[in-house]
Amino acid sequence: MCLAVPVRLISIEGSVGKVELSGTVMEVGLQLLEEAAIGDYVLVHAGFAIQKVDQREAEETLRFLNEVFDVMGKRDEVR
Amino acid sequence: MRFVDEYRRARPVKRLEREIRRAADRLGRKVRFMEICGGHTTAIHRFGIPSLLPDQIELLSGPGCPVCVTPTTYIDRALSLACDASCTLTTFGDLYRVPGSDGALEDASARGADVRVVYSPRDALKFALSDPQKVVTFLAVGFETTAPAVAATVLEASAQGIENFRIMSGHKTMPRALRALVEAPQVALDGFILPGHVSTIIGPEPYGFLPQEFGMACCVSGFEPTDILRSILALTLQVVKREFCVQNEYRRAVRKEGNAVAREQMSRVFEPCDSQWRGLGLIPNSGLDVKSEWRAYSVDPPDPTLPSEKHEDCRCEQLLRGLARPTDCPLFGTVCTPDSAVGPCMVSSEGSCAAFYKYGAGGIES
């Protein structure tokens, strides 16, 4: 329920941003962030970005998840 | 479990497992750590983390799944709203199958009520915009992670002049519930794995009373297996050294100050109120009520003093307080299963009984 995943902002229009994960694009509300820029990694929960995440950390998380999926023998990448 | 065996080969996990064992050898007794986040419950069982831990460390699941602790009275109120033909009910998916005292939302839907599962309150607002003849009510359930998103949606509805949008607040807040847990007469806990994304919003500070007043080891944790193992190591070391604090092992998402913008939106729309927790009862100031200036966007939730219905043999209350395990319950796995849930810990996939049922014992002794 309270899970959120780091995703990259690819466009911003007013208080609505678009994010991309695994090739899927979706809209998120940006009202809960002080500021956001295209290219930022954000944590998304229930359709809203709830925090910006450090890019290096976010990439590390996604790399780690891919590594786990790899170990599990799952071929689909997280991003 | 094939998946766990393969996962265990991952090097960082092996290293953490060794370090935890080394720290546990210095404990000199058994310790019990409780996680209070549905995401942690699922991750812990899914990755078989209990089976990686030494005998001295036991993990327990607390009231961390907001759907599980939503009282039957709330579901019943939602069901009565669903009977009104002018109403569209919108809900997160995990509430859809939760039984009230007489069926679940999915049953109402099967009888023809307009109940729609949404991923976000933003989607509910879109329904309201596209169908002005209907009153679209969003079932606002969740902790501090979710309440700001709902608050932002109410403010958006007001800004856009959308008058047929409502929420029914069943929101709950975590620190007061934790205080109720540790102030209870019987407490058998040594520390807490603190929720990740609730803490993204509130920051680590509101949990300060746990180490200071109650000598509890505390660590804010992320959701990957190494995050959780790192947090367990941190908790074990706090107990070994007898130096208790709120450690933050999820710094990539949890800042010291939390998210002030989100909290500001939340406090514009909501104010604290008493709240009824399924399995725990009434906890003062542990809920969020819509402020009077936003009443036009609110459907009154049921009276919080009304108790949630419960089966007399259900052990969820003891389980949520860390005094029992799923297998201690006579209903577990027989009368109470994910397809026919009786108690709060089985009603949502993030509940501890549901996770235990799905992924097996995973090292937790029965």
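From first to last, the protein sequence lines stand for chains W and D.
Residues in the first sequence are numbered from 51 upward in steps of one, following my numbering.
Residues in the second sequence are numbered from 3 upward in steps of one, following my numbering.
C-beta atoms are modelled at their ideal positions from N, C-alpha and C, and glycine is treated no differently.
In the structure shown, what three-state DSSP assignment does D:ALA142 receive? To locate residue 142 of chain D, count along the second sequence from 1; it is residue 140. Here D:ALA142 sits in strand by DSSP.
Ordered along the chain, which non-local residues of its own chain (more than five positions away) have a Cβ less than 7 Å from that of D:PHE371? Chain D is shown from 3 up to 368; residue 371 of chain D falls before or after that span and cannot be answered.
If we define contact as Cβ-Cβ less than 8 Å, is D:ILE38 a contact residue for chain W? Working through the second sequence from its first residue, we reach residue 38 of chain D at position 36. With 8 Å as the cut-off, D:ILE38 does not count as an interface residue toward chain W.
For D:GLN267, which residues in chain W fall below 8 Å Cβ to Cβ? By one-based count along the second sequence, residue 267 of chain D stands at place 265. The answer, in chain order, is GLN81, LEU82.
For a cutoff of 8 Å on Cβ pairs, would you count D:SER122 as touching chain W? Numbered from 1 along the second sequence, position 120 holds the residue referred to as residue 122 of chain D. Yes - at least one Cβ of chain W is within 8 Å of the one on D:SER122.
Buried or exposed by the 16-neighbour rule on C-beta atoms within 10 Å, applied to D:ALA168: Looking up residue 168 of chain D in the second sequence gives position 166. The identity of residue 168 of chain D in the sequence shown is Arg, whereas the question assumes Ala. It counts as buried.
According to a CB-to-CB cut-off of less than 9 Å, which residues of the segment 198-215 of chain D neighbour chain W? Within the segment 198-215 of chain D, the qualifying residues are GLY198, HIS199, VAL200, THR202, ILE203.
For D:VAL2 and chain W, any beta-carbon pair shorter than 8 Å? Residue 2 of chain D lies beyond the residue range present for chain D, which begins at 3 and ends at 368; the question has no answer from this structure.
Residue ranges of each beta strand (DSSP E) within the segment 126-204 of chain D, 3 or longer: With a minimum length of 3 residues, the continuous beta strand (DSSP E) runs that stay inside the segment 126-204 of chain D are 137-142, 167-171, 193-196.
For a test of the three-state rule: what should DSSP assign to D:LEU18, helix, strand or coil? Residue numbering aside, residue 18 of chain D sits at position 16 when the second sequence is read from its first letter. DSSP places D:LEU18 in helix when its eight states are reduced to three.
According to DSSP, is D:VAL349 helix, strand or coil? In the second sequence, residue 349 of chain D corresponds to position 347, counting from 1. If DSSP states are grouped into helix, strand and coil, D:VAL349 belongs with the helices.
So that I know if they touch, is there some Cβ in chain B lying closer than 8 Å to that of W:LEU59? Here chain B cannot be found, since the structure's protein chains are W and D.
Along the chain, where does the alpha helix (DSSP H) containing D:VAL241 start, and where does it finish? Counting from 1 along the second sequence, the entry for residue 241 of chain D is found at position 239. Run containing D:VAL241: 227-243, per the alpha helix (DSSP H) assignment.
Can you tell which of D:SER269, D:VAL337, D:CYS318 has its C-alpha closest to the C-alpha of D:SER294? Along the second sequence, read from residue 1 onward, the residue named residue 294 of chain D stands at position 292. Minimum Cα distance to D:SER294 is reached at D:SER269.
Is it buried or exposed, D:THR307, if we count other Cβ atoms within 10 angstroms and call 16 or more buried? Along the second sequence, one-based indexing puts residue 307 of chain D at 305. Exposed.
Is the Cβ of W:GLY97 closer than 8 Å to any Cβ of chain D? Within the first sequence, numbered from 1, the residue matching residue 97 of chain W stands at position 47. Interface residue, yes.
Please say whether W:GLY73 and W:ALA8 have beta carbons closer to each other than 8 Å? The displayed coordinates of chain W run from 51 to 129. Any statement about residue 8 of chain W would go beyond what the structure contains.
Is there at least one Cβ from chain D nearer than 8 Å to W:GLY64's Cβ? As a working mapping, residue 64 of chain W is identified with position 14 in the first sequence. Output row for W:GLY64: interface = no.
Please check the pair D:GLY174 and D:TRP279, which I expect to be a contact at CB under 8 Å, by giving their CB distance rounded to whole angstroms. Within the second sequence, residue 174 of chain D is the residue found at index 172, counting from 1. Within the second sequence, residue 279 of chain D is the residue found at index 277, counting from 1. For the sequence presented, residue 174 of chain D should be read as Lys rather than Gly. Separation of the CB atoms of D:LYS174 and D:TRP279 is rounded to 7 Å, and the pair is thereby assigned contact status at 8 Å.
Compare the beta carbon distance of D:ARG99 and D:ALA110 with 8 Å and say whether it is the shorter of the two. Taking the first residue of the second sequence as 1, we reach residue 99 of chain D at position 97. Taking the first residue of the second sequence as 1, we reach residue 110 of chain D at position 108. For D:ARG99 and D:ALA110, no; Cβs fall outside 8 Å.
Is it true that the CB of W:GLY97 sits closer than 8 Å to the CB of W:VAL75? As a working mapping, residue 75 of chain W is identified with position 25 in the first sequence. As a working mapping, residue 97 of chain W is identified with position 47 in the first sequence. The answer is no: Cβ separation not under 8 Å.
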